[in-house]
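Participant: Heads up: the sequence shown at position 201 corresponds to 204 in this note's numbering, and the numbers run straight through without jumps. Starting off with a structure, shown below.
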Amino acid sequence: MYNKFPKIKISENPEDCISDWESIFKTISEKLSMTNKETKVLAIDVYQGINHDEIEEALGNYLKPHQLFLTSSAFKSQKEISEMVFPDVTDDRVFGYMTKLEIKDFFDPKKLSILQEQISEAEHGLSVVFGHGASLIAEADVLVYADMARWEIQSRMRNNEVGNLGVSNSDTDVALRYKQSFFVDWRVLDRHKITIFDQCDFIIDANKKSNPKMLAREKLSSAYKQVLKQPFRVVPFFDPGPWGGQWMKEVMDLDPSAINYAWSFDCVPEENSLLLAFGDVTFETPAINLTLKEPEALLGNRVYEKFGAEFPIRFDYLDTMDGGNLSLQVHPTKEYIKEKFGMPYTQDESYYIMEAAEDAVVYLGLKNEVDPREMVRELKQAQEEGKSFEAEKHVGKYPIKKHDHILIPSGTVHCSGENSVVLEISATPYIFTFKLWDWGRLGLDGLPRPININHGEQVIDWSRKEAFSKNELINKIEKVAEGEGWIEEKTGLDPTVFIETRRHWFTSKVPHKSFGSVNVLNLVEGKEAVVESPSGDFEPFVIRYAETFIIPASVKEYTISPYGASIGQKCATIKAFVREE
């Protein structure tokens, strides 16, 4: 059965991880007692989404500080912050610019000076500085960081529990709060978090309400290094959508009463988390921390040099089985995304077909007789006047079957039709999708979904017509190697794309190399397989059908074999890595 909560064993000792607020603050108090000072300072720095009231209540119950100083009192006014972030947030409903702001930019110099003076004048006892940027405000005797994964933040946003950094806007449109978080808040807080990480004494996992966990920073750092010596999975999350299907419910053991599941984000380390197991106690940490803290070991030196501390490969599922068509869309070209949004690379992608009904199709590229001006005019007319858009008049439509691989370089008009399940393999900047037509439907919130024809018409490659799609984008598969019981095929992507994909069909053990890059794989055929180290460097790692897993670049070689019920059966994996230039 598909594992929705994959844990990574770090140790057998549950006492390595501290649970509940009482135990957490007892441990912090013991650490503070080692400081031989009459006046002591505890700084509790936090990520977005943290429940401040819960921590303040726990402080009062278990630590009872003499003074509590909130960093929010030194922030700029909400009006000033809104004006400061606007150039990056913009007035577009979907797109913005990756900010260069830092956490210090959110503080008002005069307010900050007053707060620091108040802290310095505190006499005797314990002072606690709490909130975003706490580590910058006072020299702490003990520094604690409360962390949270982005998917949990988004869940809390939907419940109107979380606003943006420095402003009280938790009741505004969730899409706008998400956008501001994506382009501003998370960039600011990640820069700050990784800068102070090695100064922290403890890290708190605040993902579960009223169920905190805490690790000494040295133990968490050691755990990250241990993760990088073996295959691992991030925690997948699932979301409904207006076109969502029913396949994931059964295959991934999801709530059968849910309306549908459209997306499964099975490898998006920016937003997924890791579950670190200490005996029967589990500590949840944002997967992006691994990328930020150990980029070279995870990504590989040449990948790190090219992309910096960013995980460049994404695997996710798009389920339209008994659902509807995805929106007709196009992704920006490299030149356009760099010029308009300051992004160094774009979302080239591919559809690996996991399942397909007999009537399943993909919309891909353009018809030979397409007239660009007429197509754009009809798209805008459909959007502005509520008329239907005849996609098949302008866009190619091709039948698909299980295990087809459809390549979608940027600039290619595309979408998956109903009654299929796509494993989407792509570059990471996934927010940059220009929707051209959404089949006249509303989102699950009852509102029209954002359409981006003005952007889209500027990046469509009008030369990608039927011959190109058939010859270059559909099943461009080439056998590149074989051995006893296995065949290796090159399946894409486009030569202009930095991601290489390889499919292995196997009935026995297959040797793999990481090619100096992080590898991302999925078991696309077979019930189970086992990943092993030829030299015994890590314990055997069992994967199940449809599970995505990561091989750090530091793991140079590994093997994959059928396992359990799949022994003697034909299995297959699809592997993605950053190709050498």
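Just so you know, even glycine gets a beta-carbon here, dropped at the ideal spot from N, CA and C. None of these values were measured; they are calculated from a predicted model.
Could you tell me the alpha carbon to alpha carbon distance between Pro9 and Asp283, rounded to whole angstroms?
Facilitator: 13 angstroms
Participant: Counting pairs of beta carbons, one from the region 184–196 and one from the region 37–51, are three or more of them closer than 8 angstroms?
Facilitator: Yes, the region 184–196 touches the region 37–51.
Participant: Measure the beta-carbon distance from Phe509 to Pro565 and round it to whole angstroms, keeping in mind my assumption that it falls under 8 angstroms.
Facilitator: 7 angstroms
Participant: Counting only runs that start and end within the region 414–500, where is the beta strand (DSSP E) found for 3 or more residues in a row?
Facilitator: 417–419, 423–430, 437–440, 481–486, 489–495
Participant: Does the beta-carbon distance from Asn522 to Ala549 come in below 8 angstroms?
Facilitator: no
Participant: Would you check if there are 3 or more beta carbon pairs closer than 8 angstroms linking the region 66–78 to the region 299–317?
Facilitator: no
Participant: Which whole-angstrom value describes the C-beta separation of Asp204 and Ala219, a residue pair presumed to lie in contact below a C-beta threshold of 8 angstroms?
Facilitator: Right, the Cβ-Cβ distance comes to about 7 angstroms (below 8 angstroms), so this counts as a contact.
Participant: Give the secondary structure of His408 by DSSP, where H, G and I count as helix, E and B as strand, and everything else as coil.
Facilitator: strand
Participant: Quick check: what's the CA-CA separation for Phe541 versus Leu382?
Facilitator: 54 angstroms
Participant: Closer than 7 angstroms by C-beta to Tyr354: which residues in its own chain qualify, once you throw out the five before and the five after it? Chain order, please.
Facilitator: Val365, Ile409, Ile411, Ser419, Val425, Glu427
Participant: Verify the CB distance criterion: does Ile409 have a CB-CB separation below 8 angstroms to chain B?
Facilitator: Absent here is chain B; the protein component of the structure consists of one chain.
Participant: With hydrogens ignored, establish whether the beta-carbon of Tyr339 is closer than 7 angstroms to any heavy atom of the ligand COA.
Facilitator: The ligand COA is absent from the structure shown, which contains no ligands of any kind.
Participant: Determine the DSSP secondary structure at Phe185, reduced to helix, strand or coil.
Facilitator: Phe185 sits in a helix when the DSSP states are folded into three classes.
Participant: In chain order, what residues of the same chain lie with their CB nearer than 6 angstroms to the CB of Lys586, ignoring the 5 residues before and after it?
Facilitator: With the chain represented from 4 up to 584, any question about residue 586 goes unanswered, as that position is not in the structure.
Participant: Report, in whole angstroms, the separation of the C-beta atoms of Arg153 and Glu57, which I expect to be a contact under 8 angstroms.
Facilitator: That pair is no contact at about 19 angstroms.
Participant: In terms of residues, what are the limits of the alpha helix (DSSP H) holding Leu71?
Facilitator: Element bounds for Leu71: not the alpha helix (DSSP H) but the beta strand (DSSP E), 70–73.
Participant: Quick one, which of His515, Cys20, Met255 has its alpha-carbon nearest Phe240's?
Facilitator: Met255
Participant: Using 8 angstroms as the threshold, is the C-beta distance between Ser267 and Ala290 below it?
Facilitator: no
Participant: Report the option in Met324, Glu395, Leu445, Ile554 whose CA atom is closest to the CA atom of Lys405.
Facilitator: Among Met324, Glu395, Leu445, Ile554, the Cα nearest to that of Lys405 is on Met324.
Participant: By the 10 Å Cβ neighbour count, where 16 or more other Cβ atoms means buried, how is Gln384 classified, buried or exposed?
Facilitator: exposed
Participant: How is the beta strand (DSSP E) around Ser276 delimited, first residue to last?
Facilitator: Counting along the chain, the unbroken beta strand (DSSP E) around Ser276 starts and ends at 276–281.
Participant: Let's test the definition: count the other Cβ atoms within 10 Å of the Cβ of His334 and tell me whether it reaches 16, buried, or not, exposed.
Facilitator: buried
Participant: Write down every uninterrupted run of the beta strand (DSSP E) in the region 86–158 whose length is 3 residues or greater and which is fully enclosed by it, in chain order.
Facilitator: List check, beta strand (DSSP E) in window: 128–133, 145–150.
Participant: Can you find the residues in the same chain that come closer than 6 angstroms, C-beta to C-beta, to Thr551, ignoring five residues on each side of it along the sequence?
Facilitator: Asp269, Cys270, Phe318, Asn525
Participant: Per DSSP, Phe552 forms a beta bridge with which residues?
Facilitator: Leu524
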